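Just below is one structure, and these are the notes that go with it.
Protein chains: 2
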Amino acid sequence: MSLDDRKLEVLRAIVEDYVATQEPVGSKALVERHQLGVSPATVRNDMAVLEEEGYIRQPHTSAGRVPTDAGYRLFVDRLSRVKALSPAERRAIERFLAGAVDLDDVVHRTVRLLAQLTRQVAVVQYPSLSRSAVRHLELVPISSTRLMLVMIADTGRVEQRLVELPVPTSNDDVLDLRRKVNAKLSGEKLADTPPLVQALVDESAPEKRNTMACLASVLLETLVERSDERLALAGTANLTRGGVLDFQGSLRPVLEALEEEVILLKLIGEVEPSTTRVRIGDENEIDNLRAASVVSTGYGPGTTIVGGLGVLGPTRMDYPGTIATVRAVARYVGDLLAQN
Amino acid sequence: MSLDDRKLEVLRAIVEDYVATQEPVGSKALVERHQLGVSPATVRNDMAVLEEEGYIRQPHTSAGRVPTDAGYRLFVDRLSRVKALSPAERRAIERFLAGAVDLDDVVHRTVRLLAQLTRQVAVVQYPSLSRSAVRHLELVPISSTRLMLVMIADTGRVEQRLVELPVPTSNDDVLDLRRKVNAKLSGEKLADTPPLVQALVDESAPEKRNTMACLASVLLETLVERSDERLALAGTANLTRGGVLDFQGSLRPVLEALEEEVILLKLIGEVEPSTTRVRIGDENEIDNLRAASVVSTGYGPGTTIVGGLGVLGPTRMDYPGTIATVRAVARYVGDLLAQN
DNA sequence: GACTGGCACTCGAGTTGCGCGAGTGCCAGG
DNA sequence: CCTGGCACTCGCGCAACTCGAGTGCCAGTC
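Listed in order, the protein sequences are those of chains F and L. Heads up: the first sequence at position 308 corresponds to 308 in this note's numbering, and the numbers run straight through without jumps. In this note's numbering, each number is its position in the second sequence, counted from 1, plus 1000.
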């Protein structure tokens, strides 16, 4: 409706100034800092309209204006061009990630890098098992009734679980088990394994069926149910930047949310096609995070997506910069994974 | 010197009241709540002495007294009897830890449990590799020039690393490598392995020496240098209890310290005989933590120690309770490890 | 000599009142 | 439709003040 170009320009200016200064911005300061080509009075009228439409608000009468969640949303959707990263930043990313020796290392470096670049809380999900395929399954005898099951996925993830066997089993039998299990499952997508595992049980000789069933149940747990849920976190200290001003006075709810893996997974794990997702304030389903914004995206080798990563900060954040950084880091990580 | 029994009793009362109320405690309130059998005036005299000796101080004239770090220290050393845990707490610990399926699970459950029981930040170190022995080494071919090295330690820890081979290597050769490596290293303390690894290189046939050297260097890195450093953290949100009052106004330095694994390891990793260690305020070498206290202890199967765990909170903490909980949890975890 | 009651004193927290100034809304004029 | 001007609002910061908790000290008592 009444949102002509200048009003949008005013909104952009408000968002930018507020993000930069952390203080409500008034009409006068606005025309001084931006070349809007009109007088403060005009800007005031525009502001009145913007306020009516719900994009900005006054913390109290006789204070400047502050963007609302809806204002940020509009800003992100229509007003912000994604900033290109500086060559220096690109080089920093490359250098930082280059030395990684294995998946754990990649994930840890990534999460720290992301926290450092965005100066916010970073979250990186390990490559999701449900999007991986089995590369190899290893069975290591620990005692006559105990096995260590080690699964190596094509994404580099390694999961292990202890298996208690119902009857003592010889080393040869273990080798036999391993051969069979690998023959059946190697190369398969984890999502496709449940029927195959069942088949393994059905096909095995009656006297070994019990053992196989036992192994199978652990396999299913490891492969499908549990531990999709691994992730890394960094930069919590960044929450304290900007005093207690952000997050309406208390870090508590945010810290609590950050401790819940389930919540974090919801935030960054729901990865669709390679879009970057931005959730602003109230848009977060989680109550504890209604004062925060989350920028997340998927990553993976090539165009496939194996996991999510993202950043969490105050609604008052530098969206263009953050989005650019998150995207860039995701792409570099994807490239890195592709090399393996 | 002049610290007779009553003065100590006064100190104890001050610490207990201050911990409970978080407010400076005055002479009048003190005699009301505790049966000291003397008048406020007498208590005041005692307080004056205690202050002179450096055990308590006044935040400002005309306020009550607050324990100093030295006061807490004396309290912990001489005044506090360790509280016994309630049966309910014991049961909670047992129930909580019972369902663990593997080491990762044990560690995660432990750290959450500890955070919950003490209502503070909990840290648990994974069983230190340097205190473990090799149970098994597994080599899994990924491609002709790449291996996945998986080490399983007797403590249940599993570490993996990717190995880049200088020359393509056949599956049979890999099997041969595995056999040799296991023959040499299985059962050995990790601390003793470096010379053995070197021997492996020296003993291998010239044409394979290059490959073995490559594997050896990764082995050394995995076994000795890196990744001793794994730990789990929980309960950060508990830092916000008691408002911004604790930690002299800013969580920032504490959160920063918590992000540094090296620092945390210093805090809880330096485990001596089974004593519980309490570091109060300034006693922490780390500047960021001079407003915090750390209670830590070692854990492990039986009497051996394989790792450390502990709790971090404001200097104003319930030491007897925290110490009791930390000890109890450590013992239960140790028992759990002993079963494997 | 140790403890106690009394008393004067200190000083931080909370309250009130006040002036300043940033920022607004509105209106009349270009 | 924009602009300059003007009256108005209201939060912030400052100063003055009161209140009361808590102290230190001293003289008296057991």
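Ideal Cβ positions, reconstructed from N, Cα and C, are used throughout, including at glycine. Bear in mind that the values here come from a model prediction, so they are computed numbers and not experimental data.
The three-state secondary structure of S27 of chain F, taken from DSSP, is helix. For L1030 of chain L, same chain residues with a beta-carbon under 8 Å away, outside a window of 5 residues either side, are V1010, A1013, I1014, D1017, L1036, P1040, V1043 in chain order. Under the DSSP assignment, G300 of chain F falls outside any beta strand (DSSP E); it carries neither an H nor an E label.
Closer than 9 Å at the C-beta level to chain L, one finds these residues of the region 121-151 of chain F: R135, H136, E138, V140, P141, I142, R146, M148, V150.
D173 of chain F has a beta carbon lying at 9 Å or more from every beta carbon in chain L. Cβ atoms of L137 of chain F and N182 of chain F come within 8 Å of each other, at about 5 Å. Straight through space, the alpha carbons of I263 of chain F and A70 of chain F are spaced by roughly 23 Å. Restricted to the region 1071-1156 of chain L, the beta strand (DSSP E) segments that are unbroken, complete and at least 3 residues in length are 1121-1125, 1134-1143, 1146-1153, listed in chain order. Cβ contact annotation for V1201 of chain L (same chain, cutoff 8 Å, sequence separation greater than five): R1209, M1212, A1213, A1216, in chain order.
A straight-line Cα-Cα distance of about 6 Å links T1315 of chain L and G1281 of chain L. Per DSSP, E53 of chain F is one residue of the alpha helix (DSSP H) stretching across 40-53. Each of F:L175, F:K28, F:H60, F:Q125 was checked against the Cα of T155 of chain F, and the nearest Cα belongs to F:Q125.
Among the residues facing chain L, L231 of chain F is not included, as its CB has no counterpart in that chain under 9 Å away. With a threshold of 9 Å between beta carbons, L1177 of chain L makes no contact with chain F. In this structure, DSSP gives L177 of chain F a helical state, which the three-state scheme calls helix. Unbroken beta strand (DSSP E) runs of no fewer than 3 residues, entirely contained in the region 1239-1300 of chain L, are found at 1277-1280, 1292-1299, following chain order.
Here the alpha carbon of I1268 of chain L sits roughly 13 Å from the alpha carbon of R1327 of chain L. Taking the Cα positions, Q1160 of chain L is about 17 Å away from R109 of chain F. The alpha carbon of R1081 of chain L has as its nearest neighbour, out of L:I1323, L:V1329, L:G1334, the alpha carbon of L:I1323.
Classified as exposed, T21 of chain F has fewer than 16 neighbouring CB atoms from the shown chains inside 10 Å of its CB.
Within the same chain, Cβ atoms closer than 7 Å to the Cβ of P141 of chain F are found at L147, N171, V174, the five residues on either side in sequence being excluded. Within the region 55-72 of chain F, not one residue has a Cβ closer than 7 Å to any Cβ of chain L.
Take the alpha-carbon of V329 of chain F and the one of V111 of chain F: they are about 10 Å apart. DSSP, reduced to helix, strand and coil, places Q1035 of chain L outside both helices and strands of the structure shown, so it counts as coil. Rounded to the nearest whole angstrom, the CA to CA distance from G298 of chain F to L336 of chain F is 14 Å. Contact between A1115 of chain L and N1238 of chain L holds: CB atoms are separated by about 6 Å, below the 8 Å threshold. In the displayed model, A205 of chain F falls within coil according to three-state DSSP, outside both helix and strand. For a Cβ distance threshold of 7 Å, residue set A237, T240 of chain F lies close to R1252 of chain L, ordered along the chain.
Inter-residue distance for E1283 of chain L and R1290 of chain L is about 7 Å (C-alpha atoms, whole angstroms). Put simply, the CB of Q1160 of chain L is near chain F, with a gap under 9 Å to one of its CB atoms. Chain L places no beta carbon closer than 9 Å to that of D282 of chain F, leaving this residue out of the contacts. For G334 of chain F, there is no enclosing beta strand (DSSP E); the residue is part of the alpha helix (DSSP H) that begins and ends at 319-339. Scanning chain F for C-beta atoms nearer than 8 Å to the C-beta of D1102 of chain L yields Q160, R161, L162, reported in chain order. Following the DSSP letters along the chain, one finds E16 of chain F inside the alpha helix (DSSP H) bounded by residues 5-21. Per DSSP, Q160 of chain F is one residue of the beta strand (DSSP E) stretching across 158-164. Just so you know, the alpha carbons of P127 of chain F and L231 of chain F end up roughly 9 Å apart.
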